[in-house]
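Chemist: Here the protein sequences come in this chain order: A and B. Numbered according to UniProt numbering, the first sequence spans residues 1 to 490. Numbered according to UniProt numbering, the second sequence spans residues 1 to 490. We treat Cβ as the ideally placed atom computed from N, Cα and C, and that holds for glycine. It should be emphasised that the depicted structure is a prediction, and the values quoted were computed from it without experimental measurement.
Number of protein chains: 2
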Amino acid sequence: MTIPQIDEEVARLLQLKAQLDGDDGKQTFVLKTPKGTRDYNPKQMAIREKVFNTIFNCFKRHGAETIDTPVFELKETLTGKYGEDSKLIYDLKDQGGELLSLRYDLTVPFARYLAMNKITNIKRYHIAKVYRRDNPAMTRGRYREFYQCDFDIAGQYDPMIPDAECLKIVHEILSELELGDFRIKNCENDVRILDGMFAVCGVPDEKFRTVCSTVDKLDKLPWEEVKNEMVKEKGLPEEVADQIGGYVSLQGGMDLVERLLEDPKLSKSSDAVAGLKDIKQLFVYLQLFRITDKVAFDLSLARGLDYYTGVIYEAILTQAGVPQTQDPQNGPGVEEASVSVGSIAGGGRYDGLVGMFDPKGRKVPCVGVSIGIERIFSIMEQKTSAEKVRTTETQVMVASAQKNLLEERLKLTAELWDAGVKAEVMYKKNPKLLSQLQHCEDTGIPLVAILGEQELKDGVVKLRNVTTREELNIPRDSLIEEIKKRTADC
Amino acid sequence: MTIPQIDEEVARLLQLKAQLDGDDGKQTFVLKTPKGTRDYNPKQMAIREKVFNTIFNCFKRHGAETIDTPVFELKETLTGKYGEDSKLIYDLKDQGGELLSLRYDLTVPFARYLAMNKITNIKRYHIAKVYRRDNPAMTRGRYREFYQCDFDIAGQYDPMIPDAECLKIVHEILSELELGDFRIKNCENDVRILDGMFAVCGVPDEKFRTVCSTVDKLDKLPWEEVKNEMVKEKGLPEEVADQIGGYVSLQGGMDLVERLLEDPKLSKSSDAVAGLKDIKQLFVYLQLFRITDKVAFDLSLARGLDYYTGVIYEAILTQAGVPQTQDPQNGPGVEEASVSVGSIAGGGRYDGLVGMFDPKGRKVPCVGVSIGIERIFSIMEQKTSAEKVRTTETQVMVASAQKNLLEERLKLTAELWDAGVKAEVMYKKNPKLLSQLQHCEDTGIPLVAILGEQELKDGVVKLRNVTTREELNIPRDSLIEEIKKRTADC
């Protein structure tokens with residue numbers, strides 16, 4: 001059969017199916033959002049806005065521009081970028097025309113944007129939703145539709161300076177959000193240090209990749225299990241595994257890097273030495289940025305994505321900022337879960353990705369970081385679940401105690417809007433004063449402007465403080481000024 | 001064949017196709033965004049942010065909360081809501097699991113959200129992208145992926161008060177954005193006024209809907225052509241069409257509404273009278289809101305969407321804010337195009353939509369407005385194309401004229417970041433002073449903090465104003481304060 005014949009046959013069958021479906025008649029209607037997705041209600045949006053503002057402000061403080069790309073890309077743009085994870089990409093239905101897929105991250109669209117516009121040099125952030133047909137674990141902040149907050153620096157620069165800025169940014173954001181203590185692990189991906197380490201430990205060349213993916217499991221499994229996999233599944237001699245174990249258990253700062261540079265075995269690998277010298281340079285800049293308190297060099301760090309080519313890093317929360325949730329995969333009471341809620345930011349250098357899009361393969365060196373915002377939301381939500389969160393910014397409610405004053409209320413409300421005051425009015429002809437005051441209590445509106453026959457006659461408005469219940473007559477023509485003065489911090 | 005058999009056969013064929021496809025080998029790679037979509041570059045993002053802020057602020061001024069919903073919905077959620085336009089919905093590929101579609105607007109997801117959470121009363125805004133497989137006309141700001149900015153009021157209230165607020169919001173936003181003169185047309189959809197008018201003109205009941213869709217073309221076609229369609233295609237007697245023509249050519253304010261209430265023919269339709277009385281009430285509120293200068297009652301207004309049940313409105317720009325672009329459909333030089341760039345906002349009342357989602361059919365009355373932000377972007381972009389638009393907010397560049405001061409530059413930059421100053425530094429060990437200054441000129445950075453051996457020794461920093469080129473030594477410990485003072489308006 002040829003492809004056109006298959007297409008024709010498929011179309012015929014689907015049409016037949018549609019007819020049969022139609023015969024079925026009644027649909028049972030399910031009122032839900034798609035699996036792995038959620039709505040944000042106003043309270044969640046208020047928290048989200050607060051978190052976003054912290055992140056925006058940090059990115060802007062570092063002089064970044066922002067761009068936006070479509071939510072879907074040509075399918076072929078995403079092809080070959082995600083290794084095994086490609087199966088998690090959402091495809092759009094072929095409705096004629098181009099084959100499209102929802103974006104899987106913001107990095108590949110960024111690289112496509114750079115290549116397409118021949119940009120060799122930009123510092124940009126991008127905050128947008130990405131899509132993965134993963135097994136969602138929503139209680140732990142893992143969704144199929146989720147936000148990524150990416151900051152990347154593209155351009156040919158002196159080594160490790162932009163890389164250090166990315167780590168500085170993670171440090172600033174996690175400090176400002178006050179999520180609890182955190183640690184930023186860094187390493188070099190694959191090349192050089194890890195490979196050098198594997199070589200001196202006696203891992204055969206052809207097993208580097210597969211052993212690397214076993215090492216990557218160290219953040220989820222204890223060493224004994226990882227070792228087991230190396231020996232039983234990957235076929236490493238036990239003493240080779242033990243040597244690897246000696247290295248990957250190390251964590252530390254500048255002194256560890258210096259010690260490893262002197263390590264009798266590791267120093268024999270010129271690759272490892274070159275990599276370690278880079279990390280040493282990185283730590284010099286991190287010291288200048290005064291963030292070495294939280295940053296640790298860690299040989300156990302490896303990241304699955306194919307496109308990383310240099311420094312990689314990952315931030316984890318070390319204090320349980322969230323109560324432990326039931327996790328069907330690990331079960332309750334796993335010790336690891338109580339000291340780490342997992343990765344909350346990550347990134348690294350990817351010097352080859354843009355070249356994959358350029359017709360002539362021209363490279364644009366890039367380094368970036370992605371903040372795992374959904375986990376941050378989960379933590380913030382749980383922290384604020386008891387507190388009252390305002391979901392509007394309304395400064396004043398225009399109310400009346402008497403009947404037949406709707407028109408006066410609307411007129412005053414419009415005057416306030418036109419003066420830039422955030423004001424609400426009830427959409428009822430004759431609402432009860434109590435229900436107007438109740439609405440203020442419920443939503444945190446601080447002031448009520450009360451109109452009555454007497455106030456209208458006197459050219460004043462009774463301004464009530466919702467918390468103290470204090471009331472004061474304010475001349476109509478100084479009302480706006482008075483409201484603005486009293487709500488200057490809202 | 002049964003449905004499961006079809007599914008099996010289709011799966012088998014598609015697998016075969018995938019194998020054949022794979023054999024094809026090399027792909028020809030196209031570097032582009034999908035049809036009808038675009039990237040936003042930093043300059044476009046800066047304009048977008050400005051427009052969004054105006055709109056956000058207006059929505060917040062009116063006391064609205066915000067929500068967010070997933071970019072896709074269960075396919076069945078969208079089914080039966082868009083009439084003929086349903087063919088423009090993007091479906092996701094069936095990869096196992098639920099059948100999904102990209103959202104077509106924000107109104108249906110909003111109604112689904114209300115029904116699902118049993119909310120009977122909310123004032124919310126939602127700014128997000130929606131998707132339509134339409135024929136894009138990108139030069140006129142029509143895309144397949146585009147933003148909608150929606151503001152809606154749900155709840156059982158006294159008639160026309162929330163409706164009037166929606167019109168006030170359109171008026172505020174279009175005034176603030178300074179896009180040129182505009183007019184807001186309003187009418188009642190279908191029911192009552194239009195149907196009453198058709199009835200008194202002698203249109204048979206069964207032709208109301210089809211004649212209505214012909215009337216809807218009046219914003220694109222001259223009356224003669226519309227009349228032609230009524231007579232030739234829809235089979236109306238010419239005198240009936242002429243009578244309709246007499247009504248749909250009318251535009252006006254409160255006096256027109258009052259005149260029509262006295263109209264000997266129209267006043268015979270109790271439906272029309274009830275509708276006109278509503279419109280009269282609406283105009284009373286619009287007068288209180290002081291926006292009647294821009295609002296016109298217009299019997300020619302009809303909106304295609306099925307779900308409108310009451311007042312509808314549409315805002316158009318009447319001054320050509322944009323140079324006329326070639327429009328393949330209308331051709332150049334169409335007179336209408338030079339006085340109107342088309343609809344820029346629209347909305348209305350839809351009291352039945354939420355009930356379509358509620359298992360018991362409970363209704364939640366809603367009224368809302370959607371701002372056509374992409375057209376606004378197009379206009380703003382053309383207006384600002386000559387101007388220099390800043391794409392970052394950087395206040396100061398940390399520079400040096402001498403070599404080997406990278407570490408000092410990084411240290412000072414980190415101090416500034418930690419104090420909340422927006423600062424940049426070049427990622428080079430020894431950049432030329434000229435290239436550092438040039439970067440400030442190019443991107444609009446107002447200040448440069450210059451470090452040199454002498455300044456370091458003296459404990460000062462040379463602060464340079466990029467525009468005036470004035471330089472002043474500032475003691476290191478008052479630098480942050482000085483930068484904040486000088487850039488207070490940035």
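On the premise that VAL273 (chain A) lies in contact with LEU286 (chain A), defined as a C-beta separation below 8 Å, what is that separation, rounded to the nearest angstrom?
Modeler: Between VAL273 (chain A) and LEU286 (chain A) the Cβ distance is about 20 Å, and since that is not below 8 Å, they are no contact.
Chemist: Could you list which residues in chain A have their beta carbon closer than 9 Å to that of ALA115 (chain B), in chain order?
Modeler: In chain order: LEU31.
Chemist: Going straight from the alpha carbon of VAL10 (chain B) to that of ARG390 (chain B), what length do you get?
Modeler: VAL10 (chain B) and ARG390 (chain B): Cα-Cα distance of roughly 54 Å.
Chemist: Of all Cβ atoms in chain A, is any one closer than 7 Å to the Cβ of LYS26 (chain B)?
Modeler: Because the pLDDT at LYS26 (chain B) is just 43, under 50, the model does not fix this residue reliably, and the value given afterwards should be weighed accordingly. Not one chain A Cβ lies under 7 Å of LYS26 (chain B).
Chemist: Using a threshold of 7 Å, state whether the C-beta atoms of ALA241 (chain A) and LYS227 (chain A) are closer than that.
Modeler: Result yes, Cβ atoms of ALA241 (chain A) and LYS227 (chain A) sit closer than 7 Å.
Chemist: Consult DSSP for PHE151 (chain A) and reduce its assignment to one of helix, strand or coil.
Modeler: In the structure shown, PHE151 (chain A) sits in a strand (DSSP, three-state: E or B).
Chemist: Using three-state DSSP, classify SER338 (chain A) as helix, strand or coil.
Modeler: Confidence at SER338 (chain A) is low in this model, with a pLDDT of 36, below 50, so the placement of that residue should be treated as unreliable; the coordinate-derived value is given next. Helix at SER338 (chain A).
Chemist: Do LEU88 (chain B) and ASP150 (chain B) come within 7 Å of each other at the CB atom, strictly closer than that value?
Modeler: Taking 7 Å as the Cβ cut-off, ASP150 (chain B) and LEU88 (chain B) do not qualify as a contacting pair.
Chemist: By how many angstroms is the C-alpha of MET426 (chain B) removed from the C-alpha of LEU410 (chain B)?
Modeler: So the two alpha carbons sit approximately 9 Å from each other.
Chemist: So does the stretch 65–80 of chain B actually touch the stretch 95–113 of chain B, counting three or more Cβ pairs closer than 8 Å?
Modeler: Verdict: yes, contact present.
Chemist: Could you tell me whether the Cβ atoms of ILE316 (chain B) and ILE173 (chain B) are closer together than 7 Å?
Modeler: Not a contact, by the Cβ cut-off of 7 Å.
Chemist: CA-CA distance, ARG112 (chain A) and ARG132 (chain A)?
Modeler: In a straight line, the C-alpha of ARG112 (chain A) is about 19 Å away from that of ARG132 (chain A).
Chemist: Where does the unbroken beta strand (DSSP E) through ASP298 (chain B) begin, and where does it stop?
Modeler: Counting along the chain, the beta strand (DSSP E) containing ASP298 (chain B) begins and ends at 295–298.
Chemist: Between GLU381 (chain B) and chain A, is any beta-carbon pair separated by less than 7 Å?
Modeler: No, GLU381 (chain B) does not count as interfacial toward chain A.
Chemist: Which word fits ASP477 (chain B), buried or exposed, when buried means at least 16 other C-beta atoms lie within 10 angstroms of its C-beta?
Modeler: ASP477 (chain B) comes out exposed.
Chemist: Which same chain residues, not among the five before or five after LEU479 (chain B), have their C-beta less than 6 Å away from its C-beta?
Modeler: Excluding sequence neighbours, LEU479 (chain B) sits near VAL461.
Chemist: Kindly say whether LEU78 (chain B), judged by its beta-carbon, lies nearer than 7 Å to any beta-carbon of chain A.
Modeler: With 7 Å as the cut-off, LEU78 (chain B) does not count as an interface residue toward chain A.
Chemist: Flag THR391 (chain B) as yes if its beta-carbon sits less than 7 Å from any beta-carbon of chain A, otherwise no.
Modeler: So yes, THR391 (chain B) belongs to the interface.
Chemist: Identify which residue in A:LEU14, A:GLU374, A:LEU261, A:GLN382 has its Cα closest to the Cα of GLN281 (chain A).
Modeler: For the residues A:LEU14, A:GLU374, A:LEU261, A:GLN382, the minimum Cα distance to GLN281 (chain A) belongs to A:LEU261.
Chemist: Over the uninterrupted beta strand (DSSP E) stretch that includes ALA449 (chain A), give me the two end residues.
Modeler: Looking at the DSSP string, the run of the beta strand (DSSP E) that includes ALA449 (chain A) is 447–451.
Chemist: Whole angstroms are fine: how far does the CA of ASP293 (chain B) sit from the CA of LEU177 (chain B)?
Modeler: Each residue's Cα considered, the two are about 17 Å apart.
Chemist: Output, in sequence order along the chain, the residues in the stretch 350–369 of chain B whose CB is closer than 7 Å to any CB in chain A.
Modeler: Per Cβ criterion, the list reads PHE357.
Chemist: At which residues does the beta strand (DSSP E) containing LYS185 (chain A) begin and terminate?
Modeler: Unbroken beta strand (DSSP E) run through LYS185 (chain A): 182–188.
Chemist: Are the CB atoms of LEU451 (chain A) and GLU481 (chain A) nearer to each other than 7 Å?
Modeler: Not a contact, by the Cβ cut-off of 7 Å.
Chemist: Just verifying my parser: in three-state terms, what is the DSSP assignment at THR66 (chain A)?
Modeler: Three-state result, THR66 (chain A): strand.
Chemist: Between the C-alpha atoms of ILE47 (chain B) and PRO136 (chain B), what's the straight-line distance to the nearest angstrom?
Modeler: Straight-line Cα distance between these residues: approximately 22 Å.
Chemist: By the 10 Å Cβ neighbour count, where 16 or more other Cβ atoms means buried, how is ASN117 (chain B) classified, buried or exposed?
Modeler: Under this definition ASN117 (chain B) is an exposed residue.
Chemist: Taking only beta-carbon positions, decide if GLU145 (chain A) is within less than 7 Å of chain B.
Modeler: With 7 Å as the cut-off, GLU145 (chain A) counts as an interface residue toward chain B.
Chemist: Name the residue from A:ILE169, A:MET397, A:LEU92, A:THR394 whose alpha carbon lies nearest to the alpha carbon of ARG418 (chain B).
Modeler: A small fix is needed here, since residue 418 (chain B) is Asp in this sequence, not Arg. If we check each option's Cα against that of ASP418 (chain B), A:ILE169 comes out closest.
Chemist: In the stretch 350–409 of chain B, which residue ranges form an unbroken alpha helix (DSSP H) of at least 4 residues, counting only runs that do not cross its ends?
Modeler: Runs found: 353–357, 373–384.
Chemist: Buried or exposed for MET1 (chain A), please, with buried defined as at least 16 other CB atoms from any protein chain shown within 10 angstroms of its CB.
Modeler: Exposed, because fewer than 16 other Cβ atoms sit within 10 Å of the Cβ of MET1 (chain A).
Chemist: VAL203 (chain B) and VAL248 (chain B) - do their beta-carbons sit closer together than 7 Å?
Modeler: No; because the gap between Cβ atoms is not below 7 Å, this pair is not in contact.
Chemist: Suppose you measure from the CA of TYR104 (chain B) to the CA of TYR82 (chain A); what does that come to, to the nearest Å?
Modeler: Whole-angstrom Cα-Cα distance: 29 Å.
Chemist: Which bits of chain B does VAL71 (chain A) rub up against, with CB to CB less than 9 Å?
Modeler: Per Cβ cutoff of 9 Å: THR37, VAL71, LEU102, LYS129, TYR131, GLU145.
Chemist: For GLY346 (chain B) versus GLU314 (chain B), is the C-beta spacing smaller than 7 Å?
Modeler: Cβ distance < 7 Å, so GLY346 (chain B) and GLU314 (chain B) count as in contact.
Chemist: Would you tell me roughly how many angstroms separate the C-alpha atoms of ARG362 (chain A) and ASN41 (chain B), rounded to the nearest one?
Modeler: The alpha-carbon atoms of ARG362 (chain A) and ASN41 (chain B) are separated by roughly 21 Å.
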